[in-house]
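One structure is given below, encoded as structure tokens.
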């Protein structure tokens, strides 16, 4: 019996790696919110069901020809081999978003340990040397079903997580209630939320002590974390990004707004991103506009006059609305005109309706960023920030990381738009690439979470690419198939298209392409759950 349990020490090493993968994918899929984890399992049959555990068939014959002690030794060596093989596989994985051992993950690990402890105690009290092969097979079954054991542990922990959630929520509410004079601003939309948040924060810091939620802290847990751990007593403005990770079903944005209670709200462009969640554009629009409908009567909402979905929506609130735009000048209260873009900067004039216009310039590129800047200027003016201060801030703005940010690598200029991709944003990124004088190359895995329209929209993306790019590097053969078809249907040359499985391979190809002045657009960088390798 002792030798058997000693042999399980090497099994525990293997199990740690196996369950690490399951916990990582659960974390990547928002702990199965809207059944994301289960859907991922359904789409990842090979990753979930093809396992090194099957190699145990090579060990079973030893049970019949060796005594128990030697058989346990063989098992010990076998688990060490599996540990090495699984570890080698993880090392080769391209990880874009690292696994974080949060308090929630620790609680899940504890629950899984309890499951194993229960099994081990049952075996211990019913131990029979003749059944030792059966015991090993039970443990192998648990490791083979690790993704499902993680799912079960997540279900078991739900009541605990609900208690934790309300504990931190009440802590955050108390902190917000203690700051009665805090100016609270919410930002939502399909695209441009983070860039708008960062630009607005820079502009408001010209007059106030402004704090914006860090990175993508847009889930309920993220917002609570930002308030409890980052918002301090000196802050006068709190800017909360209320985004799709928190809005996984209709009603989530209203719940987040009831929690934050913003007095000001910005809705960026609404589009076909995340159709997989909301199913229709009508649902998406209704959900995003809940931010404006949650504002108090003396609040201010900033909306986009060039977005037909926002213009045609009947707002169930009488708060003040400031419309911004570029094309729809009749509707817009604040609009941009005389836009000029070159390789290094954008220049444009901002006109407040029936008031003098003001000249702005910035080093961040793209028409989408003009909307982001306009929303910040419109709200900045409403909150008393001087125009000259806003001109200065806008001039020295730096692009948000991975959102049309530019960097040089020798004779290669990288246009990094890798944070995510959507139909409007990808088209605007191509417009920026088209302005460049040199060899134009795109590296993309395509767009995701577009529901039933995903194939069609990626197909159109391929057609747009064919009109701009000299070379195309597609990452992932299966997921980029519609882009490839769109390129070919638009008579794009096959020898200008490269299909790879790992984005790291793209720079080997780029370096071999002729041309001294190369511009490379990195459009989207899919999470690890979409890896095809």
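Residue numbers (my numbering): 10 to 542.
For every residue, glycine included, the Cβ atom is placed at its ideal position computed from N, Cα and C.
Complete alpha helix (DSSP H) runs within the stretch 17–67 (minimum length 4 residues, chain order): 45–52 and 54–58
Label residue 543 either buried or exposed according to how many other C-beta atoms from any shown protein chain fall within 10 Å of its C-beta, with 16 as the threshold for buried. Since the first and last residues shown for the chain are 10 and 542, residue 543 lies out of range.
Determine the extent of the beta strand (DSSP E) in which residue 616 is found, giving its start and end residues. Lying outside 10 to 542, the shown extent of the chain, residue 616 is not represented and no answer is given.
How is the alpha helix (DSSP H) around residue 4 delimited, first residue to last? Since the first residue shown for the chain is 10 and the last is 542, residue 4 is missing from the structure and cannot be characterised.
Quick check on residue 296: buried or exposed, where buried means 16 or more other Cβ atoms within 10 Å of its Cβ? Mapped onto the chain shown, residue 296 falls at position 287. By the neighbour-count rule (16 or more Cβ atoms within 10 Å), residue 296 is buried.
Reduced DSSP secondary structure (H/G/I, E/B, other) of residue 275: Position 266 of the chain shown, counted from the first residue, corresponds to residue 275. Strand.
Test item: CB-CB of residue 206 and residue 248 under 8 Å: For the purposes of this step, residue 206 is taken as the residue at position 197 of the chain shown. For the purposes of this step, residue 248 is taken as the residue at position 239 of the chain shown. Yes, these two residues count as a Cβ contact at 8 Å.
Inter-stretch contact at 8 Å, needing at least 3 Cβ pairs: the stretch 31–44 / the stretch 112–129: yes
Residues in its own chain within less than 8 Å of residue 121 by CB, not counting five upstream and five downstream? Walking along the chain shown from the start, residue 121 turns up at place 112. Excluding positions up to five away in sequence, the list reads 28, 158, 159 and 162.
What number of angstroms, rounded off, separates the C-alpha of residue 319 from the C-alpha of residue 154? One-based indexing of the chain shown puts residue 319 at position 310. One-based indexing of the chain shown puts residue 154 at position 145. Going from the Cα of residue 319 to the Cα of residue 154 covers about 47 Å.
Report, in whole angstroms, the separation of the C-beta atoms of residue 298 and residue 322, which I expect to be a contact under 8 Å. Along the chain shown, one-based indexing puts residue 298 at 289. Along the chain shown, one-based indexing puts residue 322 at 313. The pair is a contact, with the Cβ atoms about 5 Å apart (cut-off 8 Å).
Is the distance from the Cβ of residue 262 to the Cβ of residue 222 below 8 Å? As a position in the chain shown, residue 262 is number 253, starting the count at 1. As a position in the chain shown, residue 222 is number 213, starting the count at 1. It is not a contact, given that the beta carbons lie outside the stated cut-off.
For the stretch 81–97 against the stretch 36–55, are there 3 or more C-beta pairs whose distance is under 8 Å? no
Please classify residue 394: does DSSP put it in a helix, a strand, or coil? Mapped onto the chain shown, residue 394 falls at position 385. In the structure shown, residue 394 sits in coil (DSSP, three-state: anything other than H, G, I, E or B).
Where do the N-terminal and C-terminal ends of the beta strand (DSSP E) with residue 453 fall, by residue? Position 444 of the chain shown, counted from the first residue, corresponds to residue 453. Start and end: 448–453.
The beta strand (DSSP E) spanning residue 412 covers which residue range? As a working note, residue 412 is residue 403 in the chain shown. That residue, residue 412, is in no beta strand (DSSP E); it is neither H nor E in DSSP.
Using 10 angstroms around the beta-carbon of residue 305, count the other beta-carbons present and answer buried if the total reaches 16, otherwise exposed. By one-based count along the chain shown, residue 305 stands at place 296. Exposed.
Using a Cβ distance threshold of 8 Å, determine whether the stretch 168–178 contacts the stretch 397–405, with at least three qualifying pairs required. no
Coil, strand or helix - residue 109 by DSSP: Residue numbering aside, residue 109 sits at position 100 when the chain shown is read from its first letter. Coil.
Check this for me: beta carbons of residue 389 and residue 213, under 8 Å apart or not? Residue numbering aside, residue 389 sits at position 380 when the chain shown is read from its first letter. Residue numbering aside, residue 213 sits at position 204 when the chain shown is read from its first letter. Yes.
What residue does the beta strand (DSSP E) around residue 304 start on, and which one ends it? Within the chain shown, numbered from 1, the residue matching residue 304 stands at position 295. That residue, residue 304, is in no beta strand (DSSP E); it is neither H nor E in DSSP.
Measuring alpha carbon to alpha carbon, tell me which of 276, 179 and 427 ends up nearest residue 382. Taking the chain shown and counting its residues from 1, one reaches residue 382 at position 373. Of the candidates 276, 179 and 427, the one whose C-alpha sits nearest the C-alpha of residue 382 is 276.
Less than 8 Å separating the beta-carbons of residue 164 and residue 77? For the purposes of this step, residue 164 is taken as the residue at position 155 of the chain shown. For the purposes of this step, residue 77 is taken as the residue at position 68 of the chain shown. No, they are not a contact pair.
Can you give me the C-alpha to C-alpha distance between residue 245 and residue 312, rounded to a whole angstrom? Locating residue 245 in the chain shown gives position 236, where the first residue counts as 1. Locating residue 312 in the chain shown gives position 303, where the first residue counts as 1. Roughly 24 Å separates the two Cα atoms.
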